[in-house]
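**Student:** Chains as they are written, first to last, in the working numbering: chain A, 1 to 161; chain B, 1 to 161.
Questions regarding the structure given below will be posed in turn.
Below is the structure:
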């Protein structure tokens, strides 16, 4: 299979500079950050301000490895296939974050609900459209309610650090 | 900004071979397809079968251009910035589809709810986790209820072609 080369459209300015003290998911996080689009892409933001949420696709440049299985960081347990997790150490290291849109100012997009480290390259911004993206009754596989609660609680705590 | 090179982890086997007769979103589509992972990545699927939905990230290799604005195909109207749309002709041409998981068999993942053409390269598979990904009350910006309805109706019709 032929490789594909992407050029980032912007870079994230985030308060998180240390992965140890960073939320592990955007949900539950109140951290704020700015997507700084490169000037060439500013026209692509027209009309974005009407959406309340965005899907941010990023290159997780600080992920130290690409693994095929991992053991969850929050409450341990059995290893899982990497495609059954949201772990950053995955093939191609593409991050997906659902974030709240606060404001669009020129080529800057202010967002809230962040799980990304400072200077993360941004590959794409998509508007979150509930008719396409919201499946509230989807089943969460091996994730227990407690596991999810642990992540949300941890994120909520960190966001005020 | 430095370019990033990705190696697809698999390729899609889809009934859609013609973009004219393809759903324009996964929502509303009952089309079925198979993600054929390359053998090296099969271990990454362990535990995936417990999830009802997946997020599929793909390289939209047939998108004919990268644009900064577009006019919606379904009901026309004003142009919008490309990051305020889900149009395929976007910088980096990364596709995001929320699909239903039907079965995992070896390195094959059978899915339902498809808006992708045959032989689309797959960059990542993530489990859909409602606690992270479902925002049912998010606002849909410039998209009217009628626009969304038009897309879902069109997809539903096409899926039985």
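We put the CB at the ideal spot given by N, CA and C, even for glycine.
Quantities reported herein were computed from a predicted structural model and do not represent experimental measurements.
Using alpha carbons as the reference points, say which of A/41, A/132, A/18 lies closest to residue 108 of chain A.
**Tutor:** A/41
**Student:** For residue 50 of chain A, which of helix, strand or coil comes out of DSSP?
**Tutor:** helix
**Student:** Does DSSP classify residue 62 of chain A as helix, strand or coil?
**Tutor:** coil
**Student:** So, residue 52 of chain A versus residue 139 of chain B, is the Cβ gap smaller than 8 Å?
**Tutor:** yes
**Student:** Between residue 90 of chain B and chain A, is the shortest Cβ-Cβ distance under 8 Å, so that the two count as touching?
**Tutor:** Chain A contact via Cβ: present.
**Student:** What residues in the region 94 to 128 of chain B have a beta carbon less than 7 Å from any beta carbon of chain A?
**Tutor:** 94, 96, 98, 121, 123, 124, 125, 126, 127, 128
**Student:** The alpha helix (DSSP H) that contains residue 132 of chain A, what's its start and end?
**Tutor:** 130 to 133
**Student:** May I ask you to list the residues that DSSP assigns as paired with residue 83 of chain B?
**Tutor:** Residue 83 of chain B is not bridged to any residue.
**Student:** Determine, using beta carbons only, whether residue 3 of chain B comes closer than 8 Å to chain A.
**Tutor:** yes
**Student:** Which of the three DSSP states is assigned to residue 150 of chain A in this structure?
**Tutor:** helix
**Student:** Check whether the Cβ of residue 52 of chain A lies closer than 8 Å to any Cβ atom in chain B.
**Tutor:** Cβ-Cβ to chain B under 8 Å: yes for residue 52 of chain A.
**Student:** Per DSSP, residue 33 of chain A forms a beta bridge with which residues?
**Tutor:** DSSP output for residue 33 of chain A lists A/111 as bridge partner(s).
**Student:** Residue 151 of chain B and residue 33 of chain B: beta carbons closer than 8 Å?
**Tutor:** no
**Student:** Please tell me whether residue 71 of chain A has its Cβ less than 8 Å away from any Cβ of chain B.
**Tutor:** Residue 71 of chain A does not count as touching chain B.
**Student:** With distances taken Cα to Cα, identify the nearest neighbour of residue 117 of chain A among A/148, A/92, A/35.
**Tutor:** Put simply, of A/148, A/92, A/35 the residue whose alpha carbon is nearest the alpha carbon of residue 117 of chain A is A/35.
**Student:** Report the CB separation of residue 47 of chain A from residue 80 of chain B in whole angstroms; it is logged as a contact under 8 Å.
**Tutor:** 4 Å
**Student:** For the region 127 to 148 of chain A, which residues have a CB atom closer than 8 Å to at least one CB atom of chain B, in sequence order?
**Tutor:** 127, 128, 129, 130, 131, 132, 133, 134, 135, 136, 137, 138, 139, 140, 141, 142, 143, 148
**Student:** Let's test the definition: count the other Cβ atoms within 10 Å of the Cβ of residue 88 of chain A and tell me whether it reaches 16, buried, or not, exposed.
**Tutor:** buried
**Student:** Could you give the C-beta distance for residue 104 of chain B and residue 66 of chain B, rounded to a whole number, given that I count them as a contact under 8 Å?
**Tutor:** Incorrect: roughly 34 Å between the Cβ atoms, too far for contact.
**Student:** Within 10 Å of its beta-carbon, does residue 6 of chain B have 16 or more other beta-carbons around it, so buried, or fewer, so exposed?
**Tutor:** buried
**Student:** By Cβ distance below 7 Å, which residues in the same chain neighbour residue 122 of chain B in space, the five residues on each side in sequence not counted?
**Tutor:** Only 8, 9, 10, 11, 12, 35, 56, 58 meet the Cβ criterion.
**Student:** Would you kindly report the start and end of the unbroken beta strand (DSSP E) that includes residue 126 of chain B?
**Tutor:** 121 to 127
**Student:** Would the beta-carbon of residue 134 of chain B fall within 8 Å of that of residue 131 of chain A?
**Tutor:** no
**Student:** How close, in whole Å, do the beta carbons of residue 44 of chain A and residue 82 of chain B come, if the pair is a contact with beta carbons under 8 Å?
**Tutor:** 4 Å
**Student:** Is the CB of residue 86 of chain A under 8 Å away from at least one CB in chain B?
**Tutor:** yes
**Student:** Give the interface partners of residue 81 of chain A over in chain B, defined as CB-CB distance under 8 Å, in chain order.
**Tutor:** What residue 81 of chain A touches in chain B: 43, 44, 45, 46, 47, 48.
**Student:** Could you tell me whether the Cβ of residue 7 of chain A comes closer than 8 Å to any Cβ of chain B?
**Tutor:** Taking Cβ atoms only, chain B reaches closer than 8 Å to residue 7 of chain A, which makes this a yes.
**Student:** Say whether chain A places a C-beta atom closer than 8 Å to the C-beta of residue 59 of chain B.
**Tutor:** So, interface residue.
**Student:** Specify the secondary structure class of residue 43 of chain B as computed by DSSP and reduced to three states.
**Tutor:** helix
**Student:** Kindly list, in the order they appear in chain A, the residues whose Cβ is closer than 7 Å to that of residue 56 of chain B.
**Tutor:** Result: empty, since nearest Cβ-Cβ is about 10 Å, beyond 7 Å.
**Student:** Would you kindly work out how many angstroms separate the C-alpha atoms of residue 97 of chain A and residue 114 of chain A, rounded to a whole number?
**Tutor:** Residue 97 of chain A and residue 114 of chain A have their C-alpha atoms roughly 7 Å apart.
**Student:** Keeping to the same chain, check which residues put their C-beta closer than 6 Å to that of residue 91 of chain B; ignore five residues upstream and five downstream.
**Tutor:** Only 66 meet the Cβ criterion.
**Student:** Whose Cβ in chain A lies nearer than 8 Å to the Cβ of residue 152 of chain B?
**Tutor:** 131
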